[in-house]
Amino acid sequence: GHAQRTLVGGVPSFVHCRVAALPLRANSFDVAMDKGTLDALLCCGDERGARELLAQVCRIVRDGGWFFSVTYACPDQRIPLLLSGLPGCRRVRVHKLTLTTRNRFNGRRFHYLYTCRQGSGNSSSVLGNEARLAGRLVAACVTHDVSTTTTLLANGVSPLCTSGNLEGTTASMVAAGVGALGCLRVLADAAGANHMRTACDVLGNAALHHAAKAGQSATLDFLLRYCHPQGNLPTNEEGASVLQMAAASGDLGCVRLLLWREGDRASDGALGACAADHTGFTPLHAAAYRGHRAICEELLAAGADATAECGAPVEGFARQGSKEQWKCASPGQSNCASPAQSNCASPALMAETSGHQMLAKRLRQAAYEQVERERLRRKCSSIVGSSSDVCSLLKAGSE
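This note's numbering puts the first residue of the sequence shown at 4, with every later residue one more than the last.
Right, dumping it as structure tokens:
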């Protein structure tokens, strides 16, 4: 149309082209921006296409220029791709944008804006002394160096500092994630239990989340005893529980620690095997998608719902769009609904789509058994209710 033919500074306002071969000169732009293209490629499993797009960004954006990416994808999914696909970018900044209710999609409450600067604009010389000291504290935690951690804290380095760390992670979160128990104890003494309990990164992940995500049972146990002796564990900004992250990590010890540390606490909403995030994604979904059969069995034993369905897109997970109707499905059947009916995914469907066929079969069997148990329970309740009514009527008639 007319708008597409309009020229601004000699450059067409709209250019229709392939992302792998942009018809633009090298080093000709100060800023490039993406909203949705990377998501579309990755949700279709085309990582090669996503990397080709980033390679073109590197070519057309001048040294010191910026690349902006707006997406639903959280940092642990997107930052590794950006850092590897943009060789000239040394740091990715993360900005979290809260969505209004009408703009939410599949329960997602945030957009993430990733800003990447090409070349010399990322020089570490811009970091102040406080940030360098905070970086040394983090490095000491990564290497499990308790002595250096103690010395830095004694010299006035704040255990709460996130300066120079754009993801908002503190040294205690790093220590929890790498399993540096000695460093974590020192940091906890310096920061206090309240900080360890309430401090979160930009995604709302506390130190507990970092420990569970990395499968670090020793630091997870310490944090549970030190910060949360009464339970009431936090969820992050997406509503993900600590148990969900432990289930995704594949560490059975962490999962058992959260479920059974003080007896059967599965009824606790934060610890419960059925706790779901804002999209309906449960610990059982997380374990099923990654093929962790032992964890799936542990969660089922704790009361996890094998029929639960979520609407959350998982990057790299090609959604088939079929909703499993357990009320009319036998254990051997995949589903009996039209693929166009729903965008939901059960744990069994996630396991099947990610290539774990035997686990998918086991989860379908569990779902079928749960539905049958619930049907029998309701039938028995109905019979008991009817018997009570009959007895009441007979008693009234005799009087």
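For each residue, glycine too, the CB sits at the ideal point set by N, CA and C.
With the cut-off set at 8 Å, would you say residue i and residue j are in Cβ contact?
{"i": "L44", "j": "L56", "result": "yes"}
{"i": "V258", "j": "E300", "result": "no"}
{"i": "V189", "j": "L156", "result": "yes"}
{"i": "Y115", "j": "C61", "result": "no"}
{"i": "G180", "j": "K216", "result": "yes"}
{"i": "A178", "j": "L187", "result": "yes"}
{"i": "I218", "j": "G253", "result": "Per the sequence shown, residue 218 should be read as Gly rather than Ile. It is a contact, given that the beta carbons lie within the stated cut-off."}
{"i": "A309", "j": "L366", "result": "yes"}
{"i": "T74", "j": "L41", "result": "yes"}
Given residue i, which residues of its chain have a CB within under 8 Å of its CB, disregarding the five upstream and five downstream residues?
{"i": "V34", "result": "V64, G68, W69, F70, F71"}
{"i": "D267", "result": "Low local confidence applies: a pLDDT of 41 at D267 is under 50, so the model's placement there is unreliable, and no value is given."}
{"i": "G52", "result": "V22, A23, L44"}
{"i": "A250", "result": "V258, P286, L287, A289, A290, H295, I298, L302"}
{"i": "H231", "result": "R200, L211"}
Output needed for residue i: all residues of its chain with C-beta closer than 7 Å, excluding positions within five of it in sequence on either side, in chain order.
{"i": "A363", "result": "A351, A354, E355"}
{"i": "T172", "result": "T165, D204"}
{"i": "L86", "result": "C92, V95"}
{"i": "M176", "result": "D204, A210, H213"}
{"i": "V149", "result": "G185, C186, V189"}
{"i": "S31", "result": "I63"}
So residue i is in the alpha helix (DSSP H); what residue range does that whole segment cover?
{"i": "A196", "result": "196–201"}
{"i": "P350", "result": "350–356"}
{"i": "G88", "result": "78–88"}
{"i": "T222", "result": "220–230"}
{"i": "E301", "result": "296–304"}
{"i": "S252", "result": "245–252"}
{"i": "L261", "result": "255–263"}
{"i": "A289", "result": "286–292"}
{"i": "H213", "result": "210–216"}
Looking at the unbroken beta strand (DSSP E) that takes in residue i, where does it start and where does it end?
{"i": "V64", "result": "64–74"}
{"i": "L100", "result": "95–101"}
{"i": "C119", "result": "113–120"}
{"i": "F32", "result": "32–38"}
Looking only at its chain, what residues have a beta carbon closer than 6 Å to the beta carbon of residue i, apart from the 5 residues adjacent to it on each side?
{"i": "P3", "result": "Lying before the first or after the last residue shown, residue 3 is absent from the chain, which here runs from 4 to 402."}
{"i": "C20", "result": "P26"}
{"i": "S337", "result": "Only weak support is given to the placement of S337: the predicted model assigns it a pLDDT of 38, under 50, and the value that follows is read from those uncertain coordinates. If we look at S337 and ignore the five residues flanking it on each side, it has no Cβ neighbours."}
{"i": "G242", "result": "D280, H281"}
{"i": "S126", "result": "Note that S126 has pLDDT 44, beneath the 50 cutoff, so the model's placement of it is unreliable and the number below is only indicative. Around S126: no qualifying Cβ."}
{"i": "A183", "result": "C144, H147"}
{"i": "G207", "result": "N239, E240"}
{"i": "L303", "result": "A369"}
{"i": "Q59", "result": "L25"}
Quiz item: Using 8 Å as the threshold, is the region 149–161 in touch with the region 197–209, meaning 3 or more CB pairs across them?
Solution: The region 149–161 vs the region 197–209: no contact.
Practice problem: Just list the alpha helix (DSSP H) runs in the region 143–195, keeping only unbroken ones of 4 residues or longer that don't cross its boundaries, in chain order. | Solution: List check, alpha helix (DSSP H) in window: 149–157, 174–181, 184–194.
Quiz item: Taking one C-beta from the region 139–158 and one from the region 115–124 each time, how about it: are there three or more such pairs within less than 8 Å?
Solution: Cβ pair count under 8 Å is below three, so no.
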